[in-house]
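Chemist: Submitted below is the structure of interest, expressed as structure tokens.
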Amino acid sequence: AQEPRVQEARQALRGCGLQLSSFEAVYMGSRENEFALVLAGPGLGEDAQAICIIEAAQRFVGAAPSAKISVEKGKKIMAFPDGRVYLVNDDLLLLTTAAWQPSVGALIDGEGQPAASHDKRELIATLDTRAAAWLAADLPRQFVMLANFMGVPEAAAATSFSGTLQLNERVTLELTAGFESAAQAQTAAAGLDALLTKAEPEIPAALVNALGRVHVGHVSDRVRLGFEIQSGDFAALAAAKHAM
């Protein structure tokens, strides 16, 4: 059902002369209803390109395009009722909601407190931030319901979550959950192992090999789940879906 929207997004990028490889890095931070999004790549922060990107995004969500550049306190911006876009330099575009504008503006000026030295610094330090994609987050209380729904109530004690995605000849996904104690991590790892063992007879035979490349382990107060996706897995998944 999402395929048409994916195609629309790709078409929007092409309309600005861009493709996914045009983005050297994408960073996003969020808390409750606030967020900041950084887009880095050659020319993304140039006036014409920035306007094209923002207006394409507006059209994508059904809004009328209305991007105009102004200058405030020496910064190039596009101001909107619910936030603003900063044209930081020719290769860097930054979008933020209204409540975070003062903090983001301070960071652009070299002031304030970046995430790397904030309350996520220890969690971020455990990640390979050179990966194609990575994330670090504290887990909300709602995670308890999700863990119970998935049949792994032992994982409900997790307090943090992080992960990396490597895109090379093979796709490698590594997820890590942090717990308050090593005993909780050991219990959660055992619960995940049991869930995978239980799931094996229920999945299509074509995907059993893929399941065998899922590895669960725990080190101290952390549980790590690694998964490697090979090119044949996609064909097996398509065949299994067709057979259903």
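Plus 172 on top of the position in the sequence shown (first one is 1) and you've got my numbering.
All C-beta atoms in this analysis are idealised placements derived from N, C-alpha and C, irrespective of residue type, glycine included.
Here the structure is a predicted model, which means the values were calculated and not measured.
#1: Suppose you measure from the CA of N381 to the CA of A361; what does that come to, to the nearest Å?
#2: Do you know how far the Cα of D263 is from the Cα of A220?
#3: Going by beta-carbon coordinates alone, are L367 and V395 separated by less than 8 Å?
#4: Considering M249, what are the terminal residues of the beta strand (DSSP E) in which it resides?
#5: How many whole angstroms separate the CB atoms of L259 and G215, which I take to be in contact at a CB cut-off of 8 Å?
#6: My output table needs one value for V233: the three-state DSSP class, helix, strand or coil.
#7: Roughly how many angstroms lie between the CA atoms of V210 and G201, to the nearest whole one?
#8: Could you pull out every residue in the same chain whose Cβ sits closer than 6 Å to the Cβ of N205, ignoring the five residues on either side in sequence?
#9: Taking G363 as part of the beta strand (DSSP E), name the residues at either end of that continuous run.
#10: Which residue comes first and which comes last in the alpha helix (DSSP H) that contains G277?
#11: Taking C-alpha atoms, which residue in R203, A305, E283 and K247 lies nearest to T344?
#12: Can A308 and Q338 be called in contact, C-beta distance under 8 Å?
#13: Please classify V233: is it buried, with 16 or more other beta-carbons within 10 angstroms of its beta-carbon, or exposed?
#14: Please look up how many angstroms separate the CB atoms of L299 and S332, rounded, as I've assumed it's under 8 Å.
#15: Would you mind reading off the limits of the alpha helix (DSSP H) that contains V380?
#16: Can you tell me whether S193 is helix, strand or coil according to DSSP?
#17: How should A173 be labelled, buried or exposed, when 16 other C-beta atoms within 10 angstroms of its C-beta is the threshold for buried?
#18: Leaving out the 5 sequence neighbours to the left and right, which residues in its chain are closer than 6 Å to L190 when beta-carbon positions are compared?
#19: Taking just the CA atoms, how far does L383 sit from H390?
#20: Roughly how many whole angstroms lie between the Cα atoms of Q230 and P237?
#21: Using the C-alpha atoms, what's the distance from A208 back to Y199?
#22: Whole angstroms is fine: what's the gap from P176's alpha carbon to I226's?
#23: Suppose you measure from the CA of A239 to the CA of M250; what does that come to, to the nearest Å?
Modeler: Based on what the coordinates show:
#1: 21 Å
#2: In a straight line, the C-alpha of A220 is about 12 Å away from that of D263.
#3: no
#4: First, the residue type needs correcting, since residue 249 is Ile and not Met in the sequence shown. Taken as a continuous stretch (DSSP letters only), the beta strand (DSSP E) holding I249 covers K247 to F252.
#5: So it is not a contact: roughly 11 Å between Cβ atoms.
#6: coil
#7: In a straight line, the C-alpha of V210 is about 9 Å away from that of G201.
#8: none
#9: Run containing G363: none in the beta strand (DSSP E); it sits in the alpha helix (DSSP H), A354 to A371.
#10: Q273 to I280
#11: A305
#12: no
#13: With fewer than 16 other Cβ atoms from the protein chains shown falling within 10 Å of its own Cβ, V233 counts as exposed.
#14: 11 Å between Cβ atoms; not a contact.
#15: Here the alpha helix (DSSP H) through V380 covers V380 to L383.
#16: helix
#17: Here the model assigns A173 a pLDDT of 45, short of 50, so the residue's position is not dependable and the matter cannot be decided.
#18: Beyond the five residues adjoining it in sequence on each side, L190 comes within less than 6 Å, by CB distance, of no other residue in the same chain.
#19: 18 Å
#20: So the two alpha carbons sit approximately 6 Å from each other.
#21: 8 Å
#22: Each residue's alpha carbon lies about 20 Å from the other.
#23: Each residue's Cα considered, the two are about 6 Å apart.
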